[in-house]
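Okay, structure first, notes after.
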Amino acid sequence: MSKPKKHSVGAYLFILPYGLIFGVFVIFLLIISLGLSFTYYDSVHWPTFVGLKNYIVLFTQDLDFMQHAFPNAIKYALIVGPGGYLLSFVLAWILAQLPRRFRNVSAIILYSPSLTGAVLISVVWRTLFSGDNRGILNYYLLELGLVNKPVQWLQNPETIFWIMVVVGLWTSMGIGFLAMLSGILNINRELYEAAYVDGLKNRFQEIIYITIPQMRPQMMFGAVMAIVNTFNASGLAVSLTASNPPPEYAGWLITDHMNDFAFARMEMGYASAISVVLLMLVLCFYFMANRFFGGKKDA
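Heads up, the sequence shown is in this note's numbering, so the first residue is 561 and it goes up one at a time.
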């Protein structure tokens, strides 16, 4: 009975450094943020307890949140989250079919946009969607005679959000994409051979009955990363439009609203309440994803 106990103590010692870092920089900060959400705090004076006032104001009086930030964030997450997730899996599967040399180069190319900051990303996309005849898209539309004058893509509230969606999908090939690629490459090839012997007919059945069940942990990880990344997106509309807030709050997300109150208006208590609401949203979507991919890996 002593050996398992010693082994468990050793395991705890190995995870202790990570546990301390996680506890201090995640759990402890979450508790502080939750506590501040019940206060008025301007980052200068001592926090003043206000109870549920921040949450009541947020859901009953803050029209910018209820009419713009909240619905925009939900819509953005429902489009870019599943879209980027599906795109990550499809591209990972395609790369897995390529020779190793081409696969590695292609993976780096697809992964690199996720490492680029929103400001640098906006430089590229503002050039493409610039509202004058020097913009790449406007230039070709004018040359082809499809429009008579340059289209103000980044000043039109009806197009700003969809440009954000395109940029979000372009940058969605992140760590979740690499995890899926790794999961596909580590599947035992003998399973495919045995399945074809047993009557498997095509690649689609191969994906449904072997690939996805055998990489459920990677699929779950990819889903979690997609949820976190979509709800954590911020500053993209501001960077694209060079306006804060963007025209008619188009593309204004919950994180933008939170950062505005935290760092522009210095209302840290109210910003903390927004962050708690955002955390609850992320957890809700996480539990939904866990129902699909959180089960044990099939034997």
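The beta carbon of each residue, even a glycine, is placed where N, CA and C say it ideally should be.
Values in this document were obtained by computation on a predicted structure and should not be read as measured data.
Of the residues Phe721, Phe821, Tyr601, the one whose Cα lies closest to the Cα of proline 807 is Phe721.
The three-state reading of DSSP puts threonine 620 in helix, counting H, G and I together. DSSP, reduced to helix, strand and coil, places tyrosine 752 within a helical segment of the structure shown. Look at the beta carbons and you see the region 680-689 not touching the region 752-772: under three pairs across the two are nearer than 8 Å. By the CB criterion at 8 Å, leucine 647 and leucine 729 fall inside the cutoff. The beta-bridge partner set that DSSP reports for phenylalanine 609 consists of Thr599.
Nearest C-alpha to leucine 651 among Leu670, Gly641, Leu813, Ile634: Leu670. Under the 8 Å Cβ criterion, the region 709-718 counts as touching the region 795-809, having at least three qualifying pairs. In the DSSP assignment, arginine 661 falls within the unbroken alpha helix (DSSP H) covering 660-671.
In terms of CA proximity to alanine 833, Ser597 leads the group Leu745, Ile744, Ile587, Ser597.
With fewer than 16 other Cβ atoms from the protein chains shown falling within 10 Å of its own Cβ, tyrosine 578 counts as exposed. In this structure, methionine 779 and methionine 740 form a Cβ contact; the two beta carbons are roughly 7 Å apart against a cut-off of 8 Å. Nearest neighbour of serine 666 by Cα position, chosen from Tyr572, Leu688, Met733, turns out to be Met733. Rounded to whole angstroms, the separation of the alpha carbons of phenylalanine 847 and glutamine 765 is 27 Å. Scanning its chain for C-beta atoms nearer than 6 Å, with the 5 sequence neighbours on each side dropped, one finds around tyrosine 830 the residues Asn614, Phe821, in chain order. Excluding the 5 residues flanking it on each side, serine 690 has no same chain C-beta neighbour closer than 6 Å.
As for any alpha helix (DSSP H) of minimum length 4 sitting wholly inside the region 747-808, the runs are 749-757, 763-766, 776-792, 796-801, ordered along the chain. Taking 8 Å as the upper bound for CB-CB distance, leucine 838 and methionine 818 are in contact here, some 7 Å apart.
Here the alpha carbons of threonine 815 and arginine 825 stand approximately 14 Å from one another. When rounded, the separation of the alpha-carbon atoms in asparagine 804 and histidine 605 is 27 Å. Sequence-distant Cβ neighbours of valine 788 in its own chain, meaning closer than 8 Å and more than five residues away, are Val842. DSSP places valine 711 outside both helix and strand once states are collapsed to three, so it counts as coil. Per DSSP, the unbroken alpha helix (DSSP H) holding methionine 818 starts and ends at 814-819. Residues of the same chain with their beta carbon placed closer than 6 Å to that of serine 742 are lacking, with the five preceding and five following residues left out of the count. For threonine 719, same chain residues with a beta-carbon under 6 Å away, outside a window of 5 residues either side, are Trp713 in chain order. If you ignore the 5 residues before and after glutamate 827, its C-beta comes within less than 6 Å of the C-beta of Phe821, all in its own chain and listed in chain order.
DSSP places threonine 719 in the uninterrupted alpha helix (DSSP H) bounded by 717-730. Contact between tyrosine 645 and glycine 782 holds, since their C-beta atoms are separated by about 6 Å, short of 8 Å.
Between methionine 775 and isoleucine 747, the beta carbon gap of about 7 Å places them in contact (Cβ cut-off 8 Å). Taking leucine 813 as the centre and dropping the five residues before and after it, the same chain places the C-beta of Ala629, Asn632, Ala633, Tyr636, Ala793, Ser794 closer than 7 Å to its C-beta, in chain order. Straight through space, the alpha carbons of leucine 612 and asparagine 664 are spaced by roughly 52 Å.
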